[in-house]
Amino acid sequence: MAETKPNAARPTEASVRTRLAEAGLAVPEACIPETLANLLVLQDHVATLRSFALDPRSASALRFEA
Amino acid sequence: MDSHQQTAIALAAAVRDGSLKAADLCGRALDHAEAIGSAQSGFTRLLRRRAMLRAEAIDKLVEAGLDPGPLAGVPFGAADLFDVSGEITTAGSGTRHDAPFASRDATAIRLLEAAGAVLIGTQNMDEFGYGFVTINAHFGTTRNPHDPDRVAGGAAGGSAAAVATRVVPFSLAFDTNGSLRVPAALCGVIGLKPTYGSIAHGGCFPFVESLDVVGPLARDLDDLALVYAILRDGAPEREAGREPVRFGRLMSWFDDNIAEEMRGPLHAFWNRLGRITFELEHSEIARAAASVIIAAEGASLHRPGIEQDPMAFEAPVRGRMLAGMLLPSEDYLRAQRFRAWIQVRLRKQFELCDVLFTPAAPGYAPTVADPVMLFGGETIPARSHLGIYTQPISLMGLPALVLPLAGDFPMPLGIQLISAAGNEPVLFRAARDLIDQGLCAVPDLPTR
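Chains A and B, in that order, give the protein sequences.
Our numbering applies: residue 10 is where the first sequence begins, and numbers increase by one.
Our numbering applies: residue 9 is where the second sequence begins, and numbers increase by one.
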C-alpha cells in the first residue's frame with residue numbers, strides 16, 4: 010500500500026510550469042511566481058490535513074448537513 | 009427625524025404611520041452615499057431610479073391604507089454578487105464587465121423587498137469574494153469608516169462600511185470563510201453568518217458551494233434579527249429558551265496569534281463571563297480543510313475564465329486560482345471527509361455550553377498601505393489570513409454572530425459568538441445579554 014507523506018517535495022517554478030502544462034493551462038510567465046507562492050501555502054494546508062489519519066470509510070466526502 | 013440615527017424598525021414604523029415618506033428616506037440615503045463617495049460609503053453602484061420608483065410605490069400603499077411590510081421604505085444595499093434585475097452581477101471582478109444582465113432579483117433581495125425594504129445599490133467586495141481586505145483593482149478600495157487609512161476587511165467590506173457610515177441601517181452580504189464576519193469586526197457593526205444551508209441563495213453568484221452562506225449586517229441587533237427572520241422565509245426555527253446562556257471561550261487555535269490590542273479587552277470580557285474555557289479539537293485541521301476546499305472549488309468554478317484571459321483577474325486571486333487547479337482531487341475529498349467527520353463530533357460540544365466565543369479578527373484593521381498581520385511570529389498578508397478565527401467555523405457549518413466589544417478603543421474590536429447548528433435564536437439571546445450588560449456596543453464613528 011502506498012504511504013501518504015504529509016510533507017511532499019516543495020514545488021518550484023520549474024515544477025509549476027510543468028504541472029500547469031500537464032493540466033492544460035497555458036498562462037503567461039508572469040503567473041508562475043504567484044502560482045508558486047500560493048501553491049506553497051496550499052501545500053502547507055495539505056500537509057496539515059494529511060497529518061490527520063482519517064479512515065476514508067468513517068465519513069462521507071459527498072454529504073454534509075450542518 | 010434624523011434618519012441616519014434611527015434603526016430600520018423605527019424607520020419602517022414611521023413610514024407605516026405616514027410620519028415619514030419612503031421617498032424622502034431613500035432619497036436621503038442615496039444623497040448620503042453620493043456625498044461621501046464610493047470609498048467611504050462602500051457602494052460601487054447606486055440604483056437611484058429603481059429605488060425611487062419603489063419608494064414612491066411604498067408611499068402610495070401607505071396612503072391607500074395598506075401595510076407595505078415590516079421594513080416599509082427602509083433602504084438597504086447588497087454586495088455585488090446578488091443578482092439585480094437588469095444589472096450585471098460583477099462579483100467584484102472586471103472579468104464580468106460583459107456578463108449578461110441578470111433577468112431577475114436574487115431570492116434574498118426579493119424577500120427583503122417583499123417586506124417593504126428598498127434596494128438602493130450594490131456594494132464593493134474582494135474579487136469573487138477571494139480575500140479579507142476589499143482592496144479591489146477593478147472597483148477601488150473600501151476604506152474603514154473609523155480610519156480611512158485602514159482596510160474595511162473583506163470580502164464584503166463595502167457592505168460593512170455602508171452600515172457603519174449610516175448610509176443604510178442594514179446590508180445584505182455573504183460569508184464563505186469569514187467574508188461578512190471579518191469586516192463586521194473591523195468596521196464595528198453586527199454581522200450574522202447563519203447555519204450553512206439555512207438561507208436560500210438563489211441568484212447569488214457562487215464562490216464555494218460547500219461553504220457559501222447569505223447573511224445580514226446591521227448596527228442594531230433587533231434589525232439584524234428581523235432581517236434574518238425575513239430571509240428565513242417562514243422556515244421553522246428552534247425555541248430560544250429562557251435559561252441563562254452558558255458561555256465558553258475557545259482556546260488553543262483561537263487563543264494564538266491574538267494581537268496585543270485585542271488580548272486585554274478579550275481577557276476582561278472573559279472574566280465577566282465566568283472564565284469558562286473549551287477546546288475545539290482539530291481547529292487547525294479544520295482551517296486547513298476549509299482552505300483546500302476553497303482552493304479546489306474556486307479554481308474549478310473559475311477555470312473557464314482563467315483559460316480565456318488569466319490577466320483579467322487580479323494577480324492575488326489569479327495565483328490562488330491557478331494553485332487550486334493543481335490540487336489533487338484526493339486532497340479535496342479528504343478535506344470534505346474531514347468536514348463531515350468533525351461536524352458529528354461537534355454536536356457533543358454544545359451539550360456543555362450554549363455559546364462559544366472567540367476573537368472575530370486578530371486585532372485592529374491593518375493599514376491599506378501595508379495590509380499585513382502577524383501569524384506564528386511572521387508578518388504575512390492580511391488578504392489571505394485575516395479569517396484565521398472564522399475559517400474553522402465555516403468548515404463546521406455553524407452559525408456565528410459578530411459583535412463589537414464595548415470600550416474606548418482607537419479602532420473596533422469584534423468577538424465571534426458561535427452556537428450549535430440551527431440555534432441562531434440562542435446567538436441572538438446571547439448578543440442581547442452582552443449588549444444589555446454593557447459588554448458589547450456598536451461604536452460611534454470618530455468626529456473629524
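The C-beta atom is built at its ideal place from N, Cα and C for all residues, glycine as well.
For the beta strand (DSSP E) containing residue i, name the first residue and the last one.
| i | result |
| --- | --- |
| B:Ala208 | Segment: none, B:Ala208 is in no beta strand (DSSP E) and carries neither H nor E. |
| B:Phe255 | Phe255 to Leu258 |
| B:Arg112 | Careful: B:Arg112 lies outside any beta strand (DSSP E) and carries neither H nor E. |
| B:Ile423 | Gly422 to Ile426 |
| B:Gly166 | Unbroken run through B:Gly166 is the alpha helix (DSSP H), Gly165 to Ala172; no beta strand (DSSP E). |
| A:Ala62 | Segment: none, A:Ala62 is in no beta strand (DSSP E) and carries neither H nor E. |
| B:Pro8 | Any question about residue 8 of chain B goes unanswered here, given that chain B covers just 9 to 456. |
| B:Pro367 | Val363 to Pro367 |
Taking the straight line between their C-alpha atoms, what separation do you get for residue i and residue j?
| i | j | result |
| --- | --- | --- |
| B:Ala116 | B:Ala125 | 11 Å |
| B:Thr97 | B:Ala163 | 16 Å |
| B:Pro374 | B:Met329 | 24 Å |
| B:Asp339 | B:Phe346 | 10 Å |
| B:Arg61 | B:Leu180 | Looking at the sequence shown, residue 61 of chain B is not Arg but Leu. C-alpha separation (whole angstroms): 20 Å. |
| B:Pro252 | B:Ile396 | 29 Å |
| B:Val171 | B:Lys201 | 16 Å |
| B:Ile388 | B:Arg189 | 20 Å |
| A:Ala56 | A:Leu49 | 11 Å |
| B:Ile350 | B:Met404 | 7 Å |
| B:Gly384 | B:Met259 | 16 Å |
| B:Asp183 | B:Arg391 | 15 Å |
| B:Gly81 | B:Ser337 | 49 Å |
| B:Val457 | B:Asp231 | Nothing can be reported for residue 457 of chain B, as the shown portion of chain B is limited to 9 through 456. |
| B:Tyr372 | B:Gly26 | 42 Å |
| B:Asp32 | B:Ala59 | 11 Å |
| B:Pro324 | B:Gly161 | 16 Å |
Pull up the DSSP beta-bridge partners for residue i, would you.
| i | result |
| --- | --- |
| B:Arg53 | B:Thr130 |
| B:Cys448 | B:Leu413 |
| B:Val376 | Beta-bridge pairing links B:Val376 to no other residue. |
| B:Lys201 | B:Ala408 |
| B:Asn152 | B:Asp155 |
| B:Pro224 | B:Leu180 |
| A:Asn47 | None; A:Asn47 has no bridge partner. |
| B:Glu386 | B:Phe383 |
| B:Thr285 | B:Arg257 |
| B:Ile143 | B:Thr149 |
| A:Phe73 | A:Phe73 is not bridged to any residue. |
| B:Phe90 | B:Cys212 |
Who are the near neighbours of residue i in its chain, counting only those whose CB is closer than 6 Å to its CB and skipping five residues on each side?
| i | result |
| --- | --- |
| A:Ala11 | Confidence at A:Ala11 is low in this model, with a pLDDT of 49, below 50, so the placement of that residue should be treated as unreliable; the coordinate-derived value is given next. Correct list: empty, nothing qualifies. |
| B:Gly458 | Because residue 458 of chain B is not part of the residues shown, which for chain B are 9 to 456, the question remains open. |
| B:Pro318 | Arg326 |
| B:Leu409 | Leu200, Leu425, Leu435 and Ala439 |
| B:Arg36 | Ser11 |
Between which two residues does the alpha helix (DSSP H) holding residue i run?
| i | result |
| --- | --- |
| B:Ile44 | Ala30 to Ile44 |
| B:Phe277 | Glu268 to Arg280 |
| B:Glu338 | Ser337 to Gln357 |
| A:Thr27 | Glu22 to Glu31 |
| B:Val325 | Ala323 to Met333 |
| B:Gly313 | Ser291 to Gln316 |
| B:Ala18 | Ala16 to Arg24 |
| B:Ala193 | Arg189 to Cys195 |
| B:Leu229 | Leu229 to Arg240 |
Within its chain, find whatever has a CB closer than 8 Å to the CB of residue i; leave out the 5 residues flanking it on each side and keep chain order.
| i | result |
| --- | --- |
| B:Gly282 | Phe255 |
| B:Gly148 | Ser46, Ala47, Thr52 and Asn132 |
| B:His310 | Phe136, Phe321 and Met329 |
Which same chain residues, not among the five before or five after residue i, have their C-beta less than 7 Å away from its C-beta?
| i | result |
| --- | --- |
| B:Phe213 | Leu89, Thr97 and Ala99 |
| B:Gly129 | Ala41, Phe51, Arg53, Leu54, Leu55 and Gly85 |
| B:Ala331 | Ala303 |
| B:Glu64 | Ala31 |
| B:Ala20 | Pro78, Leu79, Ala80, Gly81, Val82 and Gly124 |
When every heavy atom of the ligand SAM is checked, does at least one fall within less than 7 Å of the C-beta of residue i?
| i | result |
| --- | --- |
| B:Ser260 | For the ligand SAM, the structure offers nothing, since it holds no ligand at all. |
I'd like to know if residue i contacts chain E, where contact means its C-beta is closer than 8 Å to some C-beta of that chain.
| i | result |
| --- | --- |
| B:Met333 | Structure shown: chain E not included; protein chains present are A and B. |
Query raised in the report: Given a limit of 8 Å on CB to CB distance, which residues of the region 369–383 of chain B reach chain A?
Result: Residues of the region 369–383 of chain B with a C-beta atom less than 8 Å from some C-beta of chain A do not occur.
Query - Where the region 35–46 of chain A meets chain B: residues whose CB sits under 7 Å from a CB there - result: Val36, Pro37, Cys40, Glu43, Thr44 and Ala46
Requested in this report: Quick one: which residues of the region 44–73 of chain B get their C-beta closer than 9 Å to a C-beta of chain A? List them in chain order.
Outcome: none
Query raised in the report: According to a CB-to-CB cut-off of less than 7 Å, which residues of the region 403–420 of chain B neighbour chain A?
Result: Listed by position along the chain: Gly405 and Leu406.
**Report entry** Residues of the region 203–219 of chain B whose Cβ lies closer than 9 Å to any Cβ of chain A, in chain order
**Finding:** Thr203, Tyr204, Gly205, Ser206 and Ser218
Query raised in the report: Going along the region 279–294 of chain B in order, which residues come within less than 9 Å of chain A, judged by CB to CB distance?
Result: His290, Glu292 and Ile293
Report task. Compile a chain-ordered list of the residues in the region 244–256 of chain B whose CB is closer than 7 Å to at least one CB of chain A. Result -> none
Query raised in the report: Taking a cut of 9 Å between CB atoms, which residues from the region 294–314 of chain B lie near chain A?
Result: Arg295, Ala296, Ala297, Ala298, Ser299, Val300, Ala303, Arg311 and Ile314
**Report entry** Near-chain A residues of the region 384–400 of chain B (beta-carbon distance less than 8 Å), N- to C-terminal order
**Finding:** Ser392
Query - Near-chain A residues of the region 347–372 of chain B - C-beta to any C-beta below 9 Å - result: Arg347, Ala348, Trp349, Ile350, Gln351 and Val352
Query - Short-range partners of chain A found in the region 315–328 of chain B, where Cβ spacing is below 9 Å - result: Taking 9 Å as the upper bound on Cβ-Cβ separation, chain A lies near residues Glu315, Pro318, Met319, Ala323, Pro324, Arg326, Gly327 and Arg328 of the region 315–328 of chain B.
Query - Interface positions of the region 177–195 of chain B facing chain A (Cβ-Cβ less than 7 Å), listed along the chain - result: none
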